[in-house]
Amino acid sequence: MLGDSAKLLTHYHEDAKTLYEAFQRGLHVSGNGPCLGSRLPNQPYKWLSYKEVTTRAEHLGSGLLSQGCLPNQDQFIGVFAQNRPEWIISELACYTYSMVVVPLYDTLGPNAIRYIINIGKNISDISTVICDKPEKAEVLLGNVERQETPGLKTIILMDPFGPELMEHGENCGVHIQAMKDVEALGREHYRKPMPPRPEDLSIVCFTSGTTGNPKGVMLTHGNVVADFSGFIKVTDKVIFPNQDDVLISFLPLAHMFERLIESVVYCHGGRIGFFQGDIRLLSEDMKALRPTIFPVVPRLLNRMYDKIFSQANNPMKRWLLNFAAKRKGGEVSSGIIRSDSIWDKIFFSKIQASLGGRLRMIITGAAPTSPTVLSFLRAALGCQVYEAYGQTECTAGCTFTTPGDWTSGHVGAPLPCNLIKLADVPEKNYFASKGEGEVCVKGANVFKGYLKDPVKTAETLDSDGWLHTGDIGKWLPNGTLKIIDRKKHIFKLAQGEYISPEKIENIYIRSEPVAQLYVHGDSLQSCLIGIVVPDPEVMPSWAQKKGIGGCYDDLCKNVELKKAILDDMVRLGKASGLHSFEQVKDIYIHSEMFSIENGLLTPTLKAKRSELKEYFKLEIEQLYNNISM
Numbered sequence: 001m002l003g004d005s006a007k008l009l010t011h012y013h014e015d016a017k018t019l020y021e022a023f024q025r026g027l028h029v030s031g032n033g034p035c036l037g038s039r040l041p042n043q044p045y046k047w048l049s050y051k052e053v054t055t056r057a058e059h060l061g062s063g064l065l066s067q068g069c070l071p072n073q074d075q076f077i078g079v080f081a082q083n084r085p086e087w088i089i090s091e092l093a094c095y096t097y098s099m100v101v102v103p104l105y106d107t108l109g110p111n112a113i114r115y116i117i118n119i120g121k122n123i124s125d126i127s128t129v130i131c132d133k134p135e136k137a138e139v140l141l142g143n144v145e146r147q148e149t150p151g152l153k154t155i156i157l158m159d160p161f162g163p164e165l166m167e168h169g170e171n172c173g174v175h176i177q178a179m180k181d182v183e184a185l186g187r188e189h190y191r192k193p194m195p196p197r198p199e200d201l202s203i204v205c206f207t208s209g210t211t212g213n214p215k216g217v218m219l220t221h222g223n224v225v226a227d228f229s230g231f232i233k234v235t236d237k238v239i240f241p242n243q244d245d246v247l248i249s250f251l252p253l254a255h256m257f258e259r260l261i262e263s264v265v266y267c268h269g270g271r272i273g274f275f276q277g278d279i280r281l282l283s284e285d286m287k288a289l290r291p292t293i294f295p296v297v298p299r300l301l302n303r304m305y306d307k308i309f310s311q312a313n314n315p316m317k318r319w320l321l322n323f324a325a326k327r328k329g330g331e332v333s334s335g336i337i338r339s340d341s342i343w344d345k346i347f348f349s350k351i352q353a354s355l356g357g358r359l360r361m362i363i364t365g366a367a368p369t370s371p372t373v374l375s376f377l378r379a380a381l382g383c384q385v386y387e388a389y390g391q392t393e394c395t396a397g398c399t400f401t402t403p404g405d406w407t408s409g410h411v412g413a414p415l416p417c418n419l420i421k422l423a424d425v426p427e428k429n430y431f432a433s434k435g436e437g438e439v440c441v442k443g444a445n446v447f448k449g450y451l452k453d454p455v456k457t458a459e460t461l462d463s464d465g466w467l468h469t470g471d472i473g474k475w476l477p478n479g480t481l482k483i484i485d486r487k488k489h490i491f492k493l494a495q496g497e498y499i500s501p502e503k504i505e506n507i508y509i510r511s512e513p514v515a516q517l518y519v520h521g522d523s524l525q526s527c528l529i530g531i532v533v534p535d536p537e538v539m540p541s542w543a544q545k546k547g548i549g550g551c552y553d554d555l556c557k558n559v560e561l562k563k564a565i566l567d568d569m570v571r572l573g574k575a576s577g578l579h580s581f582e583q584v585k586d587i588y589i590h591s592e593m594f595s596i597e598n599g600l601l602t603p604t605l606k607a608k609r610s611e612l613k614e615y616f617k618l619e620i621e622q623l624y625n626n627i628s629m
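Going by the UniProt record's numbering, the residue at position 440 of the sequence shown is 440; the numbering climbs one at a time, nothing skipped.
As structure tokens, then:
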């Protein structure tokens with residue numbers, strides 16, 4: 001076990017023990033500085049001050065109370081919107097009057113959204129949802145019309161809407177209102193803030209697992225404050241947040257990772273600028289905003305890495321780029337992070353300028369980052385790049401890069417708000433005595449349980465308060481944690497060997513031409529097969545080196561290239577110590593990416609294994625038929 005149980009952190013600032021107090025602290029330390037910013041295409045950012053945000057939140061909250069909402073933690077308010085200032089205003093309105101936020105998001109899918117709105121029955125129906133666009137309101141009204149969500153009574157819209165939506169609402173018995181009208185109502189019927197206590201519920205964050213209904217993770221104000229205090233404590237000697245900090249907000253606010261980092265920024269009087277809503281315009285937004293803090297997911301880092309190398313379009317340029325990254329990487333290894341070296345001037349300044357030129361901190365989380373990509377970007381971007389690991393059930397993070405340790409291939413050390421221990425998983429041959437096992441977390445950031453689901457709560461949270469994450473970790477000699485496997489998604493092959501497909505996928509994904517893959521097997525088969533999606537940016541040049549030409553779609557059908565990719569994967573498997581029964585015996589090349597839209601990935605970009613199995617049913621049968629012939 002790592003961490004000091006006697007000194008677990010619950011808060012960093014005495015005057016910020018709830019999310020309401022954290023925002024009030026930001027208002028105070030910023031001297032009513034700029035708080036939330038947004039922009040129209042080709043326009044500069046326009047800012048709302050801390051006082052404007054607080055006032056609007058108080059008016060919106062008072063408006064909700066005057067319409068029958070109750071200022072307590074049984075009052076759930078749905079927020080169904082893309083990142084924008086009104087999201088934070090709605091959230092703060094709830095906290096100002098001790099109500100609970102329940103984020104909804106498109107990619108949960110229609111069934112999950114119906115399930116969430118209904119889950120409050122007999123406790124606290126989600127009778128009010130705050131939406132951004134009329135299209136989302138129409139989706140919600142459709143559910144009411146089909147009598148699938150009878151409890152929904154009020155929809156409040158951030159954007160303007162027409163009379164036909166009002167009419168549709170009236171026909172369904174749902175009151176449609178403009179957010180500005182609810183704020184005006186609250187101005188007339190103003191109620192003094194009724195702030196929450198640290199132990200009060202702040203948010204129910206639904207995580208859509210890879211199977212079944214989403215689970216509602218209940219997080220208190222104390223949970224979130226403890227978690228963000230852990231981040232502040234780890235980095236406070238090297239990079240302390242202040243009112244000059246600017247964060248670019250584009251990762252979904254419905255996920256805790258983004259909301260946690262934003263809480264850190266507004267607790268210290270910094271600014272949050274929202275992207276326009278189109279990921280393709282993110283680079284433009286960054287140049288206009290010039291952020292200092294950039295929360296990302298590994299997929300975006302991979303895209304940046306691929307783009308940089310695709311622009312180095314001949315062997316000499318690539319060699320020079322790698323040479324510069326190695327030289328600068330030497331500095332990073334010895335703890336020097338800077339953006340004014342000779343290598344920056346020659347190679348990296350353009351990359352840094354494309355991100356606004358002022359970044360001092362990048363935080364990546366939500367999935368493992370490739371060590372190659374992480375090491376290169378730490379050198380190229382000239383700012384501190386931190387990696388976090390955790391899950392919604394421990395608010396967001398439970399481990400974090402230690403400043404000065406810029407090695408990769410691990411997820412850092414435990415945060416000072418929690419303990420971490422590894423528990424035996426005998427069926428997979430992992431034992432804590434060997435420094436390997438299931439990652440378990442205990443501390444002030446660990447959730448209170450799943451909403452109205454005592455069975456799943458008991459499966460995840462044991463009687464001593466340890467959260468069992470389902471991830472398999474390994475302690476490295478320097479006290480950092482490496483995630484090496486998943487406890488779930490285990491199956492046996494016909495001859496009885498246990499297989500952990502995610503462990504194998506994490507090795508094969510390092511094959512240069514491979515963008516995505518799914519390793520499949522079951523107890524009726526004696527071997528594994530794989531479905532591989534090649535990287536459209538990398539594969540053509542990789543194929544050319546092998547003397548194989550053609551466009552992406554043609555290459556995906558090329559038998560010779562399929563064999564070359566399979567050989568490369570098997571080579572990596574051998575180098576990583578896979579047993580022969582853990583290696584795939586054949587693969588099918590698929591030309592379309594797995595995505596949230598086609599139902600093959602969860603909203604947090606994890607593979608939906610049962611859907612992938614069903615989707616590729618015919619290809620899987622064909623692969624096994626070919627092997628047995």
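Quick reminder that beta carbons are idealized off the backbone N, C-alpha and C, glycines included.
Every value quoted in this text rests on a predicted model; they were computed, and no experiment measured them.
Query raised in the report: So, helix, strand or coil for residue 294, using DSSP?
Result: strand
Report task. Could you tell me which residues DSSP puts in a beta bridge with residue 131? Result -> 80 and 157
Requested in this report: Just grab the DSSP bridge partners of residue 413 for me.
Outcome: 400
Report task. Buried or exposed for residue 28, please, with buried defined as at least 16 other CB atoms from any protein chain shown within 10 angstroms of its CB. Result -> exposed
Query raised in the report: Are the stretch 185-196 and the stretch 162-174 touching by the rule of at least three beta carbon pairs closer than 8 Å?
Result: No: fewer than three Cβ pairs fall under 8 Å.
**Report entry** Anticipated Cβ contact below 8 Å, residue 446 with residue 471, distance rounded
**Finding:** Contact doesn't hold; Cβ gap of about 15 Å is too wide.
Query - Candidates 625, 627, 600 and 351, of which the one nearest residue 614 by Cα - result: If you compare the alpha carbons of 625, 627, 600 and 351 with that of residue 614, the shortest gap goes to 600.
Report task. Determine, using beta-carbon pairs with one atom in the stretch 335-345 and one in the stretch 447-463, whether at least three such pairs fall under 8 Å. Result -> The stretch 335-345 makes no contact with the stretch 447-463: fewer than 3 CB pairs, one atom from each, lie closer than 8 Å.
Query raised in the report: Quick one: any contact between the stretch 212-219 and the stretch 104-116, if contact means 3 or more CB pairs under 8 Å?
Result: yes
Requested in this report: Could you work out which residue in 244, 434 and 609 is closest to residue 505 when comparing CA atoms only?
Outcome: 609
Query raised in the report: Among 14, 530, 62 and 260, which has the Cα closest to the Cα of residue 621?
Result: Of the candidates 14, 530, 62 and 260, the one whose C-alpha sits nearest the C-alpha of residue 621 is 530.
Query raised in the report: Can the beta-carbon of residue 129 be found less than 8 Å from the beta-carbon of residue 80?
Result: yes
Query raised in the report: Count the other CB atoms within 10 Å of the CB of residue 179; is the residue buried (16 or more) or exposed (fewer)?
Result: Label assigned to residue 179: buried.
Query raised in the report: Could you give the distance in angstroms between the alpha-carbon of residue 496 and the alpha-carbon of residue 580?
Result: Approximately 14 Å, taken between the alpha carbons.
Requested in this report: Closer than 6 Å by C-beta to residue 226: which residues in its own chain qualify, once you throw out the five before and the five after it? Chain order, please.
Outcome: 10, 417, 444 and 445
Query raised in the report: How do the stretch 269-283 and the stretch 580-593 stand: do at least 3 beta-carbon pairs fall below 8 Å, yes or no?
Result: no
Query raised in the report: If you count every other CB in all the chains shown that lies within 10 Å of the CB of residue 499, and 16 or more means buried, which is it?
Result: buried
Report task. Could you tell me the distance, in whole angstroms, from the CA atom of residue 267 to the CA atom of residue 14? Result -> 12 Å
Report task. Leaving aside the five residues before and after residue 20 along the sequence, list all residues of the same chain whose C-beta is less than 7 Å from its C-beta, in chain order. Result -> 95, 96, 195 and 196
Query - contact_flag[the stretch 525-541, the stretch 469-486] where n(CB pairs < 8 Å) is 3 or more - result: no
**Report entry** Span of the beta strand (DSSP E), counted from its first residue to its last, around residue 475
**Finding:** 467-475
Query raised in the report: By a C-beta neighbour count over all protein chains shown, 10 Å radius and 16 as the cutoff for buried, is residue 167 buried or exposed?
Result: exposed
**Report entry** Residues near residue 390 in its chain [Cβ-Cβ closer than 6 Å; skip 5 each side]
**Finding:** 396, 397 and 398
Query raised in the report: When the Cα of residue 467 is compared with those of 503, 393, 452 and 453, which residue comes out closest?
Result: Ranked by how close their Cα comes to the Cα of residue 467, the residues 503, 393, 452 and 453 have 393 in first place.
Query raised in the report: According to the Cβ coordinates, are residue 261 and residue 293 closer than 8 Å?
Result: yes
Report task. Note the first and the last residue of the continuous beta strand (DSSP E) segment covering residue 363. Result -> 361-364
Requested in this report: Can you grab the Cα-Cα spacing for the pair residue 89 / residue 139, in whole Å?
Outcome: 23 Å
Report task. Could you check which residue in 220, 70, 154 and 607 has the C-alpha nearest to that of residue 367? Result -> Residue nearest to residue 367 within the set 220, 70, 154 and 607 is 607 (criterion: CA-CA distance).
Query - residue 404 versus residue 153: straight-line alpha-carbon distance, rounded - result: Residue 404 and residue 153: Cα-Cα distance of roughly 53 Å.
Query raised in the report: Leaving out five residues before and five after residue 585 in sequence, what residues of the same chain have Cβ atoms less than 6 Å from its Cβ?
Result: Taken in chain order, the residues that qualify are 527 and 627.
Query raised in the report: Rounded to a whole number of angstroms, what is the C-alpha to C-alpha distance between residue 359 and residue 383?
Result: In a straight line, the C-alpha of residue 359 is about 6 Å away from that of residue 383.
**Report entry** Euclidean distance between Cα positions of residue 221 and residue 291
**Finding:** Residue 221 and residue 291: Cα-Cα distance of roughly 27 Å.
Requested in this report: In angstroms with no decimal places, state the Cα-to-Cα distance between residue 522 and residue 380.
Outcome: 43 Å
Query raised in the report: Given a threshold of 16 other Cβ atoms within 10 Å of its Cβ, counted over all protein chains shown, does residue 433 qualify as buried or as exposed?
Result: exposed
Query raised in the report: Are there 16 or more other CB atoms within 10 angstroms of the CB of residue 286, so buried, or fewer, so exposed?
Result: buried
Requested in this report: Note down the Cα distance separating residue 414 from residue 431, rounded to an integer number of angstroms.
Outcome: 20 Å
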